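Under our numbering, the letters of the sequence shown match residues 3 to 436, in that order.
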Amino acid sequence: MESKGFQFFVVFTLGYLGAQRFLLPHFYAYACVPIFIIALLLRERQRPQSNALVIFSLFLSVDNGGEVYGITGAIIRYSIYICLTYLFFSSTLDVRRLLIVTALIALPVFLTFLLSYSINFQTLYRDGILLLLLLSFSFIHKDNFSIQIHLLVFGIIGYIIADFLNFILIFRTISDDYLSYNSTKALIVLPFFYFLVEKRKIWAFLIFIITNVVLIAYGTRMLFLSFLVAAALGIITTKSLSLKFIVIIVLIGLVTIQILSSFNFIPESLKATGVIVQLLSDGDFQDKLRLIDPTRYTEHFLFFNRQWFDILFGSGLGSGLSDPTNEFYFVGVDATAFSVEELSSRYFYNLHDTWIDLGLRFGLLLVGLFYFLILRSVFSDRGICKLIGLVLFVLFTCTTYTTSGLLLIAAFSKIIYGISNESSSLKASYHINS
Numbered sequence: 003m004e005s006k007g008f009q010f011f012v013v014f015t016l017g018y019l020g021a022q023r024f025l026l027p028h029f030y031a032y033a034c035v036p037i038f039i040i041a042l043l044l045r046e047r048q049r050p051q052s053n054a055l056v057i058f059s060l061f062l063s064v065d066n067g068g069e070v071y072g073i074t075g076a077i078i079r080y081s082i083y084i085c086l087t088y089l090f091f092s093s094t095l096d097v098r099r100l101l102i103v104t105a106l107i108a109l110p111v112f113l114t115f116l117l118s119y120s121i122n123f124q125t126l127y128r129d130g131i132l133l134l135l136l137l138s139f140s141f142i143h144k145d146n147f148s149i150q151i152h153l154l155v156f157g158i159i160g161y162i163i164a165d166f167l168n169f170i171l172i173f174r175t176i177s178d179d180y181l182s183y184n185s186t187k188a189l190i191v192l193p194f195f196y197f198l199v200e201k202r203k204i205w206a207f208l209i210f211i212i213t214n215v216v217l218i219a220y221g222t223r224m225l226f227l228s229f230l231v232a233a234a235l236g237i238i239t240t241k242s243l244s245l246k247f248i249v250i251i252v253l254i255g256l257v258t259i260q261i262l263s264s265f266n267f268i269p270e271s272l273k274a275t276g277v278i279v280q281l282l283s284d285g286d287f288q289d290k291l292r293l294i295d296p297t298r299y300t301e302h303f304l305f306f307n308r309q310w311f312d313i314l315f316g317s318g319l320g321s322g323l324s325d326p327t328n329e330f331y332f333v334g335v336d337a338t339a340f341s342v343e344e345l346s347s348r349y350f351y352n353l354h355d356t357w358i359d360l361g362l363r364f365g366l367l368l369v370g371l372f373y374f375l376i377l378r379s380v381f382s383d384r385g386i387c388k389l390i391g392l393v394l395f396v397l398f399t400c401t402t403y404t405t406s407g408l409l410l411i412a413a414f415s416k417i418i419y420g421i422s423n424e425s426s427s428l429k430a431s432y433h434i435n436s
C-alpha cells in the first residue's frame, strides 16, 4: 500500500464491492475485512492512512440488514469497534479535560438513581457506550487523530456509485424495501461536502446528483432532510462559490425531488421525497407535520409536555418517554416503530430524533451544546473544520441510535478536537490536499 494510486484503487474497489448487496449477497458485508486488516498493517508506518481505513471499515461493516440483506458477523464488527475505541484511549490522560467531561455527564448519571420506573437495559447499554466515548475526550492524542481524508472520500465514492447503479438497474424493479438499513449509511454525504469545501464545482455537482438519488432510495426522511440542510449551510458558508453554482445546486435538488416523487416506478418505501412535496403544499403547517409523520409529531408533543427541568437536563440514563394519555393509540402492534412491550407499558425508548432520544436522557442543554460546537465548526474559515462540521451535523442528527453510529460521531469529533489542539499546517496534519 505504498503507492498512492494503488491505495485509491483498493479502497474504491472495496467500497464498490461493499454495496453489492444484490449481486454479492454473501460477500458484500465482509468487504470491510481486508480494509480493516490493511489498516492494522499500516498502523505504525502510515498512521493517517490507517485511521482513515479503520473508519472506512466501520462504514462498510453492516449492523442492520432489516431481515432483507446480510449483515457482518458480530466478531468482525466488534473487533472494529474495540480497535477504534482503543485508538481513542491510546493517549495521555488530561486531568483538566477529565473534570470537564465529568461535570457534563454527572447530572444525567445522578438522575438515573432517582428514576421511579424501570430502566431499559438496551438503552442503558447505548448510553454507557456514549459515556465511554465522551470520557475518551479526556485523552490527548500525540498525532491529534489525523486522517488522510481524501482516501476515505475515494472509498465512499466507490460505494455511492455502486448504490446508484443498484437503484437504477436492480432495486427499483425488484424491491419495495429500503435500499439500505445500515446505521452507518449516513457517511455517504462526505464526498459532496469534500468537493464543496475544496471548491471543485464539477465534482460537487456530479456527486450531489448521485448522493440525492441514493439518499432518497434509502428512504430515511431525516437523513435526506439533514443532508439538504447541511448542504445549504455548506453553500452559504463557503466563500467564493458563485451565485450561478448555488442556483444550479438548489434547482437540481428540487428537480430530483419532484421527479422521484412523481414517477410511478418508484417503490412506496421511498417516502423521503414526500416530505418536501407535502411541506411545499398548501394548508396548515402543523397539520402537515402531523400528517407527514404522526409518530414523530407525537414524540415531540410528549417530550415537550413534561417538566422544564426534565426537558433541559434529562431524566437519567436508560429512561423512557411516558405516554399516560395513550397519545400513541394509532400505532399498532404490527408496526415497526415500537416494540410490543413499549406499547403495552406506554414507556417508549426507541425514539426517532436525536434531540428527543438523547434529550430525554441527557437533556436538551447538552444536545444543544453538541449542535453549537458542530455549527461553530461549520462556520469556521478552515476548510477541514467546515468539512468535518458538515459531516458531523448529518451524523449527529441521524446515527446516534447504534454503537456504529456513535463510534462514527466520536471519530469525526476526535478529528475536530485534534484540530483545535494543533498548531501545524492544515495540509501537513490532516492531508486534505496532499
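All residues carry an ideal CB built from backbone N, CA and C; glycine is no exception. Given the structure is predicted, the values throughout are model-derived calculations rather than measurements.
Beta-carbon spacing of residue i, residue j below 8 Å
i: Ile411; j: Phe398; result: yes
i: Phe38; j: Val56; result: yes
i: Ile162; j: Ile190; result: yes
i: Trp357; j: Leu366; result: yes
i: Asp179; j: Val35; result: no
i: Ile132; j: Leu408; result: Note that residue 132 is Leu in the sequence shown here, rather than Ile. Yes, these two residues count as a Cβ contact at 8 Å.
i: Phe24; j: Ile172; result: yes
i: Val396; j: Ala232; result: yes
i: Ser185; j: Asn352; result: no
i: Thr239; j: Lys388; result: yes
i: Thr300; j: Glu329; result: yes
i: Phe147; j: Asn53; result: yes
i: Thr404; j: Asp359; result: no
i: Phe210; j: Ile218; result: no
i: Gly130; j: Phe195; result: no
i: Leu135; j: Phe90; result: yes
i: Thr74; j: Ser63; result: yes
First and last residue of the uninterrupted alpha helix (DSSP H) at residue i
i: Asn214; result: Lys203 to Tyr220
i: Phe195; result: Leu192 to Val199
i: Arg384; result: That residue, Arg384, is in no alpha helix (DSSP H); it is neither H nor E in DSSP.
i: Ala164; result: Ile151 to Leu167
i: Ile131; result: Phe123 to Leu137
i: His354; result: It is not in any alpha helix (DSSP H) - His354 carries neither H nor E in the DSSP assignment.
i: Ile238; result: Arg223 to Thr239
i: Arg298; result: Pro296 to Phe306
i: Asp312; result: Trp310 to Phe315
Simplified DSSP state of residue i, which is helix, strand or coil
i: Gln51; result: helix
i: Tyr30; result: helix
i: Gln9; result: helix
i: Ser324; result: strand
i: Ser427; result: For Ser427, the pLDDT reaches just 35, beneath the cut-off of 50, and the residue's location in the model is therefore unreliable, although a value from the coordinates is still provided. In the structure shown, Ser427 sits in coil (DSSP, three-state: anything other than H, G, I, E or B).
i: Leu272; result: Residue placement at Leu272 is poorly supported in this model, since its pLDDT is 49, which falls under 50; the coordinates are not used for a value here.
i: Thr104; result: helix
i: Leu95; result: strand
i: Phe14; result: helix
i: Phe374; result: helix
i: Phe340; result: coil
i: Phe330; result: coil
i: Phe115; result: coil
i: Phe141; result: strand
i: Arg79; result: helix
i: Leu25; result: coil
i: Tyr2; result: Residue 2 is absent from the structure shown; the chain starts at 3 and stops at 436.
i: Gly407; result: helix
i: Val64; result: coil
i: Arg45; result: coil
i: Leu19; result: helix
i: Ser182; result: coil
i: Gly361; result: helix
i: Tyr419; result: helix
i: Ser148; result: coil
Environment of residue i [buried if 16+ CB atoms lie within 10 Å]
i: Gln2; result: The structure shown does not extend to residue 2, since the chain spans only 3 to 436, so no value can be given for it.
i: Gln124; result: exposed
i: Val13; result: buried
i: Ala105; result: exposed
i: Ser406; result: buried
i: Lys241; result: exposed
i: Leu153; result: buried
i: Leu199; result: In the sequence under discussion, the amino acid at residue 199 is Val, which differs from the Leu named in the question. Its Cβ being crowded by 16 or more others within 10 Å, Val199 is buried.
i: Asn266; result: Any reading at Asn266 needs caution, since the residue's pLDDT is 46, under 50, leaving its predicted position unreliable; the model's value is listed next. That one is exposed.
i: Ile102; result: exposed
i: Tyr331; result: exposed
i: Ala33; result: buried
i: Tyr220; result: buried
i: Arg128; result: buried
Counting Cβ pairs closer than 8 Å, one from the region 306-319 and one from the region 104-115, do we hit at least three? yes
Three CB pairs or more closer than 8 Å across the region 147-157 and the region 7-27: yes
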